[in-house]
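Contents: one structure, followed by commentary.
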Amino acid sequence: MILPRRLHAFAAGFLSISGLVSQGQMTNSGFSFGGPEIFPVDPLISQLHVADLDGDGLRDIVVVNNARSKITILYNQTGKTNLTQKIKPVGKREINELPPDARFRIESIASEKRISALVVADLNSDGKLDMAYYGEPNELLVQYNEGTNTWSATKRWPIDDGQLSQNAMVAGDLNGDGRNDLV
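Structure below.
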């Protein structure tokens, strides 16, 4: 599929184990999807992660945007009625610009790195999902989720021999102590 030059977006379909969906329905013959949902994003995004970052029970979306040196978080607002972003008047939009979607509140975390790998996991055992990322110049960075959509100051560790690959970092409890480790 070829998109117009200035239109960049991703489409998503949602399915949960219980059969409750945001864009789909249960039928007598099983499950069916509704149409695709399109959300505006910048070109060259990577590292798509889906997780509940704000503890509201709704899955949020995290993407790395190296073109603009930031991590973009789309906080899921499904079921909330207030649109938190101002919609530009029709005459002020760029060509092919999509209006903001009331389902997501978009926030960003600035980064001076070209991020190669991103992990979203509880890294300090406080029950909130944190972010760890690695990039150029070669350094591991961790930001802890402080709740209410705020993040701690960045903690940094230089790692000269790290792998600059999207799948180079994962989190998991490797030593059985009940805390996530980064590999």
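For the sequence shown, the residue numbers in numbering that gives the first Met the number 0 are 0 to 182.
Idealized CB from N, CA, C, for every residue including glycine.
C-alpha distance - N75 paired with Q162, whole-angstrom precision = 32 angstroms
Please report how far the alpha carbon of A109 lies from the alpha carbon of T71, in whole angstroms.
-> 9 angstroms
Contact check, Y143 vs A116 under 8 angstroms by CB: the rounded distance?
-> About 18 angstroms; that fails the 8 angstroms criterion.
Inter-residue spacing [alpha-carbon to alpha-carbon] between Q22 and R102 = Any reading at Q22 must be qualified, since the residue scores a pLDDT of 49, below 50, and its modelled position is unreliable; no value is offered.
At least three beta-carbon pairs within less than 8 angstroms, the stretch 119–137 to the stretch 155–169 | yes
Proximal residues to K154 (C-beta, below 6 angstroms), its chain only, five neighbours per side dropped | V141
For D53, which residues from the same chain have a beta carbon less than 7 angstroms from its beta carbon, with the 5 sequence-adjacent residues on both sides left out?
-> D59, Y74, N148
Same chain only: Cβ atoms within 6 angstroms of N64, ignoring 5 sequence neighbours per side = D41, I44, T71
Which class does R178 belong to by DSSP, given the choice of helix, strand or coil?
-> coil
Apart from the five residues just before and just after L47, which ones in its own chain have a Cβ nearer than 8 angstroms to its Cβ?
-> F9, I60, V61, V62
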